[in-house]
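K.L.:
Got a structure for you, written out below as structure tokens; questions coming shortly.
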Amino acid sequence: MIHSSAPGKLMLFGEHSVIYGNPCIATSINKRLDVYLNDKNENGKELECTTIDALGINAKFPSNFEQHKFLNLTIAKFFEKYGQKNFELTTKPMPKGLGSSSAVVVAAVKALSALYNLTWSNDEIFKFSYEIVKEGQNGRASGYDIAVAVYGGTIRYENKNGDMKVKKLKNIRNLIAIDTGIKSSTTELVREISEKRNKYKEIFDGIFKIINKIVDEGEKEIMNENYEKIGELMNINHGILNAMGLSTYEIEILINGIKPYCYGAKISGAGRGDYIIAICKEQSKNDLMNYLRDRKIEAFEILPAEGVDVKFIKNL
Ligand code: PMV
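Each residue of the sequence shown is one higher than the last, beginning at 2 in the working numbering.
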């Protein structure tokens, strides 16, 4: 059996602006998506999973399984380029809103490339996965989430007309992922911001220039391990995202509520929901977690996570 896994992600600086060829900074998170090839279950135990039979025989999916489309596209691409093979692919999902679509593609591409005996570098895994995700999202995707799933860690990412650059930065301590409890649609928000940008071209050029500066400063302060400044830059980036119409009343209440415990907090990703990201003061971490727990708000500390990996496990 082949077992691969890829991490989810959160955005630290530069969402939306990254779509237009600008840089961003993102981090992998310690929630991974697992893909198993050729074996339905682990040690005879049923996993809470979705199984796809590559040739379409007995394929069964729960109707709400979002990664279904991406897995089908991935398998179809391998069949088209490298010929059909019969196998069974099983995934063990991760929580929503943390990059499961990119993680499932990257983990599946890694596992399938091993099955097809292709010795791909990370750059090749990225390229193949990016094509699939772009197809699944109708062309509008920066690919930052794919890069995080492939390379892992905290990265500066840029993609100018397919010329992709990734730079590894230092891992950041005391980052907290907080679930807003609101589901948001990346596709719709990307379209909305693109329309606004067409309407207010010069204003958006100015906004993206400021965000680029925040990314540069953010990179510097991450390397300096200056968490107070990273937090201040997150607050500035959040204010800009709010001005772009990407925050909500509930998100503002949440961010204001956690302020005493944090150096900074912001929307992470498309906006209007999913997760926010905060950098908390070391001495206030427990108080922050208690504050969130008391309000039944889901949150977890982001711990360093490696990029995609693969293991060959002997069938028992
Ligand atoms: O909400 P997410 O994690 O899918 O992130 C969206 C980030 C955008 O910049 C808005 C889109 C992208 O592809 O970079």
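Ideal Cβ placement from N, Cα and C applies to all residues, glycine included. Remember, predicted model here, so these are calculated numbers, not experimental data.
#1: Pick out whichever of Asn225, Val309, Lys315 has its Cα sitting closest to the Cα of valine 110.
#2: Could you tell me the boundaries of the beta strand (DSSP E) in which asparagine 323 lies?
#3: Could you check whether aspartate 275 and serine 185 sit closer than 8 angstroms to each other, using their CB atoms as the reference points?
#4: Compute the distance between the beta-carbons of asparagine 23 and isoleucine 212, then report whether it is under 8 angstroms.
#5: With burial defined as no fewer than 16 other Cβ atoms inside 10 Å of the residue's Cβ, what is the status of aspartate 295: buried or exposed?
#6: Sort Glu220, Asp217, Val311, Ile133 by Cα distance to lysine 82 and report the nearest one.
#7: Would the C-beta of glutamate 16 count as close to the ligand PMV, meaning under 7 angstroms from any of its heavy atoms?
#8: What does DSSP give as the partner residues of aspartate 164 in its beta bridges?
#9: Straight-line CA distance for serine 122 to serine 130?
#10: Can you tell me the Cα-Cα spacing of isoleucine 20 and serine 143, whole angstroms?
#11: Would you check if there are 3 or more beta carbon pairs closer than 8 angstroms linking the stretch 262 to 281 to the stretch 227 to 242?
#12: Measure the beta-carbon distance from alanine 148 to leucine 34 and round it to whole angstroms, keeping in mind my assumption that it falls under 8 angstroms.
#13: May I ask you to list the residues that DSSP assigns as paired with lysine 10?
#14: Taking the continuous alpha helix (DSSP H) assigned at threonine 75, which residues delimit it?
#15: Under a Cβ-count criterion, where at least 16 other Cβ atoms within 10 Å of its own Cβ denotes burial, should arginine 141 be classed as buried or exposed?
#16: Quick check: the Cα distance between tyrosine 37 and phenylalanine 313, rounded to an integer number of angstroms?
#17: Between which two residues does the beta strand (DSSP E) containing lysine 267 stretch?
#18: Cβ of aspartate 146 versus every heavy atom of the ligand PMV: is any distance shorter than 7 angstroms?
#19: What number of angstroms, rounded off, separates the C-alpha of isoleucine 277 from the C-alpha of serine 195?
#20: Is there at least one non-hydrogen atom of the ligand PMV closer than 7 angstroms to the beta-carbon of alanine 108?
#21: Check whether the Cβ of threonine 28 lies closer than 7 angstroms to any heavy atom of the ligand PMV, and answer yes or no.
#22: Pick from Ile76, Ile259, Ala77, Phe88: whose alpha carbon is nearest that of methionine 2?
#23: Give the secondary structure of valine 134 by DSSP, where H, G and I count as helix, E and B as strand, and everything else as coil.
#24: Between glutamine 284 and lysine 135, what straight-line distance do the alpha-carbon atoms span, to the nearest angstrom?
#25: For serine 143, is the beta carbon positioned less than 7 angstroms from some heavy atom of the ligand PMV?
#26: Using the three-state DSSP reduction, which class does proline 63 fall into: helix, strand or coil?
#27: Would DSSP call leucine 317 helix, strand or coil?
#28: State yes or no: is the C-beta of serine 14 within less than 8 angstroms of the C-beta of leucine 234?
#29: Comparing C-alpha positions only, which one of Pro8, Ala7, His17 sits nearest to threonine 188?
#30: Which two residues bound the contiguous beta strand (DSSP E) that contains isoleucine 280?
P.N.:
Based on what the coordinates show:
#1: Position 109 of the sequence shown holds residue 110. Measuring from the Cα of valine 110, the nearest candidate turns out to be Val309.
#2: Shown here, the chain extends from 2 to 317; a query on residue 323 therefore has no answer.
#3: Locating residue 185 in the sequence shown gives position 184, counting from the first residue. Locating residue 275 in the sequence shown gives position 274, counting from the first residue. Yes, Cβ-Cβ distance for serine 185 and aspartate 275 is below 8 angstroms.
#4: Sequence index remark: in the sequence shown, residue 23 carries index 22 (1-based). Sequence index remark: in the sequence shown, residue 212 carries index 211 (1-based). Contact: yes.
#5: Start at 1 with the first residue of the sequence shown, and residue 295 comes out as number 294. The residue in question, aspartate 295, is exposed, as its Cβ has fewer than 16 Cβ neighbours within 10 Å.
#6: Start at 1 with the first residue of the sequence shown, and residue 82 comes out as number 81. When each option's Cα is compared against that of lysine 82, the closest is Ile133.
#7: To locate residue 16, count along the sequence shown from 1; it is residue 15. The answer is yes for glutamate 16.
#8: For the purposes of this step, residue 164 is taken as the residue at position 163 of the sequence shown. In DSSP, aspartate 164 forms a bridge with Lys161.
#9: By one-based count along the sequence shown, residue 122 stands at place 121. By one-based count along the sequence shown, residue 130 stands at place 129. Going by the C-alpha atoms only, they are around 12 angstroms apart.
#10: Counting from 1 along the sequence shown, the entry for residue 20 is found at position 19. Counting from 1 along the sequence shown, the entry for residue 143 is found at position 142. If you take the alpha carbons of isoleucine 20 and serine 143, they lie about 5 angstroms apart.
#11: yes
#12: Looking up residue 148 in the sequence shown gives position 147. Looking up residue 34 in the sequence shown gives position 33. Not quite, the Cβ-Cβ distance comes to about 16 angstroms (not below 8 angstroms), so this is no contact.
#13: Within the sequence shown, residue 10 is the residue found at index 9, counting from 1. In the DSSP output, where bridge partners are listed per residue, lysine 10 has Ser29.
#14: The count along the sequence shown starts at 1 and reaches residue 75 at position 74. It spans 69 to 83 - the alpha helix (DSSP H) in which threonine 75 sits, taken as one unbroken run.
#15: In the sequence shown, counting from the first residue as 1, residue 141 sits at position 140. Arginine 141 should be labelled exposed.
#16: Against the sequence shown, residue 37 aligns to sequence position 36. Against the sequence shown, residue 313 aligns to sequence position 312. Cα to Cα, tyrosine 37 sits roughly 10 angstroms from phenylalanine 313.
#17: By one-based count along the sequence shown, residue 267 stands at place 266. Residues 263 to 268.
#18: Position 145 of the sequence shown, counted from the first residue, corresponds to residue 146. Under cutoff, so the answer is yes.
#19: As a position in the sequence shown, residue 277 is number 276, starting the count at 1. As a position in the sequence shown, residue 195 is number 194, starting the count at 1. Isoleucine 277 and serine 195: Cα-Cα distance of roughly 22 angstroms.
#20: If you number the sequence shown from 1, residue 108 lands on position 107. Answer for alanine 108: no, Cβ out of range of the ligand PMV.
#21: Indexing the sequence shown from 1 puts residue 28 at position 27. False, no ligand heavy atom lies under 7 angstroms from that Cβ.
#22: Reading the sequence shown from its first residue, position 1 is the one you call residue 2. The candidate whose alpha carbon is nearest that of methionine 2 is Phe88.
#23: Translated into the one-based positions of the sequence shown, residue 134 becomes position 133. Here valine 134 sits in helix by DSSP.
#24: Within the sequence shown, residue 284 is the residue found at index 283, counting from 1. Within the sequence shown, residue 135 is the residue found at index 134, counting from 1. When rounded, the distance between both Cα atoms is 42 angstroms.
#25: The residue labelled residue 143 in the question sits at position 142 within the sequence shown. Under cutoff, so the answer is yes.
#26: Counted from its first residue, the sequence shown places residue 63 at position 62. Residue placement at proline 63 cannot be trusted, given a pLDDT of 44 that sits under 50; the coordinates are not used to answer.
#27: Here residue 317 refers to the residue found at position 316 when the sequence shown is read from its first residue. Unreliable placement is indicated for leucine 317, whose pLDDT of 48 sits below 50; the coordinate value is still reported in the next sentence. In this structure, leucine 317 counts as coil in the three-state DSSP scheme.
#28: On the sequence shown, residue 14 is found 13 positions in, with the first residue counted as 1. On the sequence shown, residue 234 is found 233 positions in, with the first residue counted as 1. It is worth fixing the name first, because residue 14 is phenylalanine in this sequence and not serine. Cβ atoms of phenylalanine 14 and leucine 234: closer than 8 angstroms.
#29: Taking the first residue of the sequence shown as 1, we reach residue 188 at position 187. Ranking the options by Cα distance to threonine 188, first place goes to His17.
#30: Position 279 of the sequence shown holds residue 280. First-last of the beta strand (DSSP E) with isoleucine 280: 276 to 281.
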